[in-house]
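Sequential numbering from 388 applies to the sequence shown in this note's numbering. We put the beta carbon where it would ideally sit given N, CA and C, even for glycine.
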Amino acid sequence: MEAEYITKHHKHQEIGPNQCSSCLTKRIKASTDIVWSLVRRFDQPQRYKPFISECNLRGDFKVGTVREVNVRSGLPATTSTERLELLDDVQHILGVRITGGDHRLKNYSSVITVHPETINGRPGTLLIESFVVDVPDGNTIEDTCCFVEALINCNLNCLADVSEKIASGNSPTESDLVQVKSL
Ligand code: A8S
């Protein structure tokens, strides 16, 4: 199934010689309703992305809308400008492209899909996130891939944490989020 989902939804445009691309998966013990309700909020990435401190939408929430995000200190970045490319509430697909900002990820584009899966006999979620990005001058493909994968893994671990808290009826508290942030 996983391979089928990837072939179906995670085919990025042709990957250039100076680009890198990868695909990560995460299993979450919460329903797709819960996980998708967090992932789809293009206007509120800070609900589960620990490195984002603030987000402002330019205009209405719809495909084509741009958000300005502020990045927490300690990273080689301060801001990012990101465009909502695809939001499919039926198939649960979110596509985002980074169009600018003060950071080193040029031509970054990502797709997240969310799929129902039974985990230990309970409703769970398989999340798949893929990306493609330019390799910055002076960096290797491996370094770039590692850097981006580490950031995405932090996001997905935090997303799992928040989703599983909601699923168990405990709303996540600010201190839970701070704990994940410091990982
Ligand atoms: C996402 C994925 C990534 C975000 C990266 C990879 C970023 O927000 C951070 C550091 C950077 O150097 C680049 O889905 C950028 O958010 C945390 C500012 C884009």
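Among the candidates the options, whose CA atom is the shortest distance from the CA of residue i?
i, options, result
"R445", "F438, R459, V458 and D430", "D430"
"P503", "S418, Q406, N405 and C407", "S418"
"M388", "T500, N542 and L546", "T500"
"I393", "V426, I480, S424 and I439", "I480"
"D521", "C541, L514, R491 and C533", "R491"
"I539", "A464, S409 and K493", "S409"
"L543", "R509, H399, V422 and E401", "V422"
"E401", "R470, S440, V519 and R509", "V519"
"T505", "R414, E391 and K395", "R414"
Whole-angstrom Cβ separation of residue i and residue j, contact assumed at under 8 Å?
i, j, result
"S467", "S497", "12 Å between Cβ atoms; not a contact."
"C407", "C532", "5 Å"
Check for me: the alpha helix (DSSP H) holding residue i runs from which residue to which?
i, result
"D548", "I528 to A554"
"I480", "Where I480 is concerned, there is no enclosing alpha helix (DSSP H), although the beta strand (DSSP E) it sits in stretches over I480 to D489."
"L425", "T419 to V426"
"Y392", "E389 to H396"
Does any CB atom of chain C fall closer than 9 Å to the CB of residue i?
i, result
"V453", "Absent from the structure: chain C. Only one protein chain is present."
Since residue i is in the beta strand (DSSP E), which residue starts that stretch and which ends it?
i, result
"D521", "R509 to D521"
"I499", "S496 to I506"
"L411", "Q406 to I415"
* Counting only runs that start and end within the stretch 438-469, where is the beta strand (DSSP E) found for 3 or more residues in a row? -> 439-445 and 453-458
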